[in-house]
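In our numbering, the protein residues as written are 6 to 174.
Positions of the beta carbon are idealized from the N, C-alpha and C atoms, including for glycine.
Read the structure below first, then the notes.
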Amino acid sequence: MTTPPPQGNPFAQGQQQPYGQPQGQAPYPPQGGFPQQAGQPGFPPPGAPVPPQPQGRKVSFKLIKNVVIVLIVAGVAIGGYISSRDDANTASVGDCMHRGSTDDNNPDLEVVECSNAKAQYKVLAKIEGSFLTETLASSKCEAEAKDFQYTYTESGDGKDFLLCLKDYK
């Protein structure tokens, strides 16, 4: 086995290193290799300015969650508005109504076009206020619309009102 020859001048041990060179190190640049290139370990050299890196926008879970919540709330609000546009509380005199359910205690009336085949009743009068009994509601409709056939009262969720209805044929 052979040993490599020593680096530098073996007879120059007592001499000083040239100005600017640290003692005990090889002269600059390093000998016996290629200069470092981008992508190699140690590049750029320590202390060199680092070029700016493109900033990738990070989307957090919290942001996604908040956007989803806002969309759900908006969807519920829009759906509620659309479904309430044709409720009985929006009815006025001359409108036609359709009975959505067969429950006499909660008939679920909705406004429809009079040309619609679903039209069953016509609104003869709409009276605002609270009505405690069926008899009181009938007497109010009697005073407003003589030929009414049905009364519909709604109370408890905002404005109380009474509709005086007649069959639409």
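Residue i - containing alpha helix (DSSP H), residue span
i, result
"Glu147", "139-149"
Option nearest residue i by Cα separation, candidates the options
i, options, result
"Lys127", "Cys169, Ile69, Val55", "Cys169"
"Ala96", "Glu159, Val55, Pro54", "Glu159"
"Ser65", "Lys123, Val73, Val117", "Val73"
"Ala120", "Glu139, Gly99, Leu114", "As written in the sequence, residue 120 is Ser, which differs from the Ala given in the question. Taking only the C-alpha atoms, the option nearest Ser120 is Gly99."
Cut-off 8 Å between Cβ atoms - residues of its own chain near residue i, not counting five sequence neighbours on either side
i, result
"Ala150", "Leu129, Ala130, Cys169, Lys171"
"Gln112", "The question names Gln, yet the displayed sequence has Pro at residue 112. These residues qualify, in order along the chain: Arg104, Gly105, Ser106, Tyr157."
"Lys164", "Asn94, Glu133"
"Phe153", "Leu129, Ala130, Cys146, Glu147, Cys169, Leu170, Lys171"
"Gln180", "The requested residue 180 does not occur in the structure, where the chain is confined to residues 6 to 174."
"Ser135", "Ser160, Asp165"
Terminal residues of the beta strand (DSSP E) in which residue i lies
i, result
"Glu115", "114-117"
Collapsed DSSP secondary structure at residue i in the structure displayed
i, result
"Tyr86", "helix"
"Phe153", "coil"
"Lys63", "coil"
"Thr95", "helix"
Cross-strand partners of residue i (DSSP beta bridge)
i, result
"Tyr126", "Met102, Asp172"
"Ile132", "Leu167"
"Thr8", "In DSSP, Thr8 forms no bridge with anything."
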